[in-house]
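S.K.: Residue numbers (this note's numbering), protein chains in the order written: chain A, 522 to 853; chain B, 31 to 482.
We put the beta carbon where it would ideally sit given N, CA and C, even for glycine.
Note that the structure is a prediction, hence the values are computed from the model and not measured.
Before I ask anything, let me first share the structure, which is written out below as structure tokens.
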């Protein structure tokens, strides 16, 4: 029997994530860092015209999706992809998605819904209400959710619904960009920063850094570097940003209870940040992981998108689709 | 399915729709503002319509008072500077950018953008030649100070009215005494050229009450299903026409507005067979006038049924003691009660209850840094109010606060789109609707089309 596969495409500000699922099973996934250098060569106004020999940032997205689709067909010969759901910071600004160039339907949802759906997929029988903290490259999102029972295509399913959400507005403090900035100051890598911060969390490095502007944080680090160790300063940066997230979330939990917190996005790789969040929220933080898919917390948005595609595809009148399958099989 | 795109009267925003709004505005203000707009927009310095004696009016100063003034046998026309500024931002963004620069060069770079543009336009000589200015401490003390400065720079007399925070007999008396003092001072300062006439005030109040009645009748039609007016049309109308209350022409405008809405309601009922799926939205504070794209985005995804800048929801003004009537109007509902905690509640609650609202969009002008409405205190009051109404009426209203600048398009944060989309997605979910719908029967299969 041929698998029907659904795609989730998360075009983030700093990375591109794709997930393919079938029958609630993750078939394939990728996580690729965007190359900012490619932006310079984009001159086709979003048509992905190939004039740049497909070396621009838009062509990068197209190539990534095309390669991913080819991979699926290679791994699962005969797999059919009827639909994909697109999400992420860049998603609504890529013009070629409107040109119907793909053989599958593409729908758009925001990251808020995608991340909520991702948690619903991974934890179908999770606690009652939960808070989702997603720290991406340039965005912070705090989403408050509740469990609900719903009938979708005659099946009663447990769903996780958004109750309310908050996002950062003026300032990118607390996002991946902030941590990259601090890491650059210490001439380290993000992994190194994470291990420094984890060691530093044992120290009392509270209130050393301002939770706001990343540039001002650099100037403070310049002064503090002579008084504190790198580990203490790295932990202070995590604590400052955890406070930032707590401030962002405060209008949400004033009116609604929640039992658990899921922490996801690229920054969730930093274990010290998870500890710092536990300190301020005084609740256990869960970073979603799967033994079969390494770095699961980074691709939850794409996972949620693919899950929503699979969930809502049965709502379509599939007569047209079924006829197409027969026709296709006759031809091949 | 009935939705905004398939509805015959919900047109997409285009130039003709803007013109329609301005025709309304022109009608509403008996043509008083068009000459000035023409002057600003065409930079000709000359206007095709002769200028009438005009005074500067704060957005929330009662226009009935100004229609009660007499300038040597001619009516005095209230020009609402905030409205001129908003209209300029919509029609000529380039003028706005220049005005920002001029204001910054004169030290006005960190205040509300409405005030910055007004200051810039005034310095450039693009504001009308005001005979006097009538200002009020609502919506904010910053606006009172800036407009005072603008008038002082031109040696124009300015009269300030202070509205106390609480509603009491003492507060009414305080406002009444201020109005009487303004009457005397105005006559002295202008050498008797402009005089206050109590009979004209009675007539203005009669007109205002009549216009109010028509408006309320029209707005009642908004309580039904669906949206009868596009977001822009609705908001522009309310904002631009706020200075018309008190003029006889405005009664006619209100009458036509009301009958137009009733006709639309009739058409809507006849046209549709299913209720609208779009969420019903109450908008708080000014929208981003500088971004048509963002407003269109909102317009497409919701039925905007009420807005707080609609300045009609006051009680009927008493004619017997007209000055006291004005005082009561100011105290009960001057716009949205920016400075008084209790008034923020009494302003929003009736709308939230009677218009069957699903969600509230609150635009935090100037990111909340210089705007009294958008302070955390006021937003928290509104949040608490929504929470208690949700509990009382078993509703699930949601509020989204979007920090941006109403007049400076470059000051709109990159994630405003995501916030708006996510807000409507959540509201759809609350209404039990799917986040999207795949198209039916037209899917191509992988392999049908070679991906290159």
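Which residues in chain B have a C-beta closer than 7 Å to the C-beta of residue 779 of chain A? List them in chain order.
M.R.: Here residue 779 of chain A refers to the residue found at position 258 of the first chain. Simply none; closest approach about 16 Å.
S.K.: Considering only C-alpha positions, which residue in the set B/88, B/99, B/177 and B/236 is nearest to residue 351 of chain B?
M.R.: If you number the second chain from 1, residue 351 of chain B lands on position 321. It is B/236.
S.K.: Hey, is residue 456 of chain B's beta-carbon within less than 8 Å of any beta-carbon in chain A?
M.R.: What you label residue 456 of chain B is simply residue 426 of the second chain in a count that begins at 1. Yes, residue 456 of chain B counts as interfacial toward chain A.
S.K.: Where does residue 662 of chain A fall in DSSP's three states?
M.R.: The sequence position of residue 662 of chain A within the first chain is 141, counting from 1. Reduced to three states, the DSSP call for residue 662 of chain A is strand.
S.K.: Give the interface partners of residue 632 of chain A over in chain B, defined as CB-CB distance under 9 Å, in chain order.
M.R.: In the first chain, the residue the question calls residue 632 of chain A occupies position 111. Neighbours of residue 632 of chain A on chain B, chain order: 448 and 452.
S.K.: The beta strand (DSSP E) that contains residue 163 of chain B, what's its start and end?
M.R.: Mapped onto the second chain, residue 163 of chain B falls at position 133. Residue 163 of chain B -> beta strand (DSSP E) spans 163 to 166.
S.K.: What three-state label does DSSP hand residue 813 of chain A in the structure shown?
M.R.: As a first step, residue 813 of chain A is located in the first chain; it is residue number 292 there, counting from the start. Three-state DSSP puts residue 813 of chain A in coil, outside helix and strand.
S.K.: Specify, as a first and last residue, the run of the beta strand (DSSP E) that residue 655 of chain A falls within.
M.R.: As a first step, residue 655 of chain A must be located in the first chain, where it is residue number 134. Per DSSP, residue 655 of chain A belongs to the beta strand (DSSP E) from 650 to 656.
S.K.: Compare the beta carbon distance of residue 799 of chain A and residue 807 of chain A with 8 Å and say whether it is the shorter of the two.
M.R.: Translated into positions along the first chain, residue 799 of chain A becomes position 278. Translated into positions along the first chain, residue 807 of chain A becomes position 286. No. Outside cutoff.
S.K.: Can you tell me whether residue 449 of chain B is buried or exposed, with buried defined as 16 or more other CB within 10 angstroms of its CB?
M.R.: Taking the second chain and counting its residues from 1, the one referred to as residue 449 of chain B is at position 419. Buried is the call here.
S.K.: Does the beta-carbon distance from residue 275 of chain B to residue 99 of chain B come in below 8 Å?
M.R.: The residue given as residue 275 of chain B occupies position 245 in the second chain. The residue given as residue 99 of chain B occupies position 69 in the second chain. Taking 8 Å as the Cβ cut-off, residue 275 of chain B and residue 99 of chain B do not qualify as a contacting pair.
S.K.: Quick check on DSSP: helix, strand or coil for residue 783 of chain A?
M.R.: Working through the first chain from its first residue, we reach residue 783 of chain A at position 262. It is a strand residue.
S.K.: Taking Cβ to Cβ, would you say residue 609 of chain A is nearer than 8 Å to residue 532 of chain A?
M.R.: If you number the first chain from 1, residue 609 of chain A lands on position 88. If you number the first chain from 1, residue 532 of chain A lands on position 11. Taking 8 Å as the Cβ cut-off, residue 609 of chain A and residue 532 of chain A qualify as a contacting pair.
S.K.: Any contact of the segment 442 to 462 of chain B with the segment 423 to 431 of chain B, i.e. 3+ C-beta pairs under 8 Å?
M.R.: These segments touch.
S.K.: Measure the C-alpha to C-alpha separation of residue 586 of chain A and residue 333 of chain B and round it to an integer number of angstroms.
M.R.: The sequence position of residue 586 of chain A within the first chain is 65, counting from 1. The sequence position of residue 333 of chain B within the second chain is 303, counting from 1. Computed Cα separation, rounded: 36 Å.
S.K.: Given this structure, state the Cα-to-Cα distance separating residue 796 of chain A from residue 634 of chain A, to the nearest angstrom.
M.R.: On the first chain, position 275 is the one that residue 796 of chain A refers to. On the first chain, position 113 is the one that residue 634 of chain A refers to. The alpha-carbon atoms of residue 796 of chain A and residue 634 of chain A are separated by roughly 26 Å.
S.K.: On the DSSP bridge assignment, give the partners of residue 105 of chain B in chain order.
M.R.: Residue numbering aside, residue 105 of chain B sits at position 75 when the second chain is read from its first letter. For residue 105 of chain B, which the question treats as bridged, DSSP gives the partners B/100.
S.K.: Should residue 86 of chain B go down as buried or exposed, given a rule of 16 or more other Cβ atoms within 10 Å for buried?
M.R.: Indexing the second chain from 1 puts residue 86 of chain B at position 56. Buried.
S.K.: State the DSSP-derived secondary structure class of residue 84 of chain B, mapped to helix, strand or coil.
M.R.: Here residue 84 of chain B is taken as the residue at index 54 of the second chain, counted from 1. In this structure, residue 84 of chain B counts as strand in the three-state DSSP scheme.
S.K.: Are residue 694 of chain A and residue 765 of chain A touching if we call contact CB-CB under 8 Å?
M.R.: Taking the first residue of the first chain as 1, we reach residue 694 of chain A at position 173. Taking the first residue of the first chain as 1, we reach residue 765 of chain A at position 244. Yes. Within cutoff.
S.K.: For residue 606 of chain A, which beta-bridge partners are listed by DSSP?
M.R.: Residue mapping note: residue 606 of chain A aligns to position 85 of the first chain, counting from 1. A/529 and A/628, per the DSSP bridge assignment.
S.K.: What is the rounded straight-line gap between the Cα of residue 246 of chain B and the Cα of residue 816 of chain A?
M.R.: Your numbering for residue 246 of chain B matches position 216 in the second chain. Your numbering for residue 816 of chain A matches position 295 in the first chain. Going by the C-alpha atoms only, they are around 58 Å apart.
S.K.: Just how far apart, CA to CA, sit residue 735 of chain A and residue 702 of chain A?
M.R.: Taking the first chain and counting its residues from 1, one reaches residue 735 of chain A at position 214. Taking the first chain and counting its residues from 1, one reaches residue 702 of chain A at position 181. Rounded to the nearest angstrom, the two C-alpha atoms are 7 Å apart.
S.K.: Quick one: list the residues of chain B neighbouring residue 753 of chain A, beta-carbon separation under 9 Å, in chain order.
M.R.: Residue numbering aside, residue 753 of chain A sits at position 232 when the first chain is read from its first letter. In chain order: nothing, as chain B lies at least about 32 Å away.
S.K.: Does the distance from the C-beta atom of residue 663 of chain A to that of residue 628 of chain A stay below 8 Å?
M.R.: One-based indexing of the first chain puts residue 663 of chain A at position 142. One-based indexing of the first chain puts residue 628 of chain A at position 107. Not a contact, by the Cβ cut-off of 8 Å.
S.K.: Let me make sure I understand the geometry here. Which of B/316, B/184 and B/209 has the alpha-carbon closest to that of residue 353 of chain B?
M.R.: Sequence index remark: in the second chain, residue 353 of chain B carries index 323 (1-based). Nearest C-alpha to residue 353 of chain B: B/209.
S.K.: My understanding is that residue 602 of chain A touches residue 526 of chain A, with C-beta atoms under 8 Å, so please give their C-beta distance in whole angstroms.
M.R.: Numbered from its first residue, the first chain carries residue 602 of chain A at position 81. Numbered from its first residue, the first chain carries residue 526 of chain A at position 5. At roughly 5 Å, the Cβ-Cβ gap stays under 8 Å, so residue 602 of chain A and residue 526 of chain A are in contact.
S.K.: Report yes if the C-beta distance between residue 636 of chain A and residue 655 of chain A is below 8 Å; otherwise report no.
M.R.: Taking the first residue of the first chain as 1, we reach residue 636 of chain A at position 115. Taking the first residue of the first chain as 1, we reach residue 655 of chain A at position 134. Going by C-beta atoms, residue 636 of chain A is nearer than 8 Å to residue 655 of chain A.
S.K.: So is residue 37 of chain B buried or exposed if we call it buried at 16+ other beta carbons inside 10 Å?
M.R.: Reading the second chain from its first residue, position 7 is the one you call residue 37 of chain B. A caution first: residue 37 of chain B carries a pLDDT of 36, below 50, which makes its placement in the model unreliable, though a value can still be read off. Its Cβ being crowded by 16 or more others within 10 Å, residue 37 of chain B is buried.
S.K.: Taking the beta strand (DSSP E) that residue 311 of chain B falls in, what are its first and last residues?
M.R.: Position 281 of the second chain, counting from 1, holds the residue named residue 311 of chain B. Taken as a continuous stretch (DSSP letters only), the beta strand (DSSP E) holding residue 311 of chain B covers 310 to 314.
S.K.: Closest Cβ-Cβ distance between residue 443 of chain B and chain A: below 8 Å?
M.R.: Numbered from 1 along the second chain, position 413 holds the residue referred to as residue 443 of chain B. Chain A, which has a Cβ nearer than 8 Å to the Cβ of residue 443 of chain B, makes this yes.
S.K.: Within 10 angstroms of its Cβ, does residue 191 of chain B collect 16 or more other Cβ (buried), or is it exposed?
M.R.: Position 161 of the second chain, counting from 1, holds the residue named residue 191 of chain B. That one is buried.
S.K.: Checking the sheet assignment: what are the DSSP bridge partners for residue 26 of chain B?
M.R.: Nothing can be reported for residue 26 of chain B, as the shown portion of chain B is limited to 31 through 482.
S.K.: Would you kindly check if the distance between the Cβ of residue 726 of chain A and the Cβ of residue 757 of chain A is under 8 Å?
M.R.: Looking up residue 757 of chain A in the first chain gives position 236. Looking up residue 726 of chain A in the first chain gives position 205. Their beta carbons are under 8 Å apart, which means residue 757 of chain A touches residue 726 of chain A by this criterion.
S.K.: Between residue 439 of chain B and the rest of its own chain, which residues show a CB-CB distance below 8 Å, the 5 nearest in sequence each way excluded?
M.R.: Along the second chain, read from residue 1 onward, the residue named residue 439 of chain B stands at position 409. Once the five neighbours on either side are set aside, the close Cβ partners of residue 439 of chain B are 123, 318, 320 and 321.
S.K.: Shorter than 8 Å from the beta carbon of residue 756 of chain A to some beta carbon of chain C?
M.R.: The structure shown contains no chain C; its protein chains are A and B.
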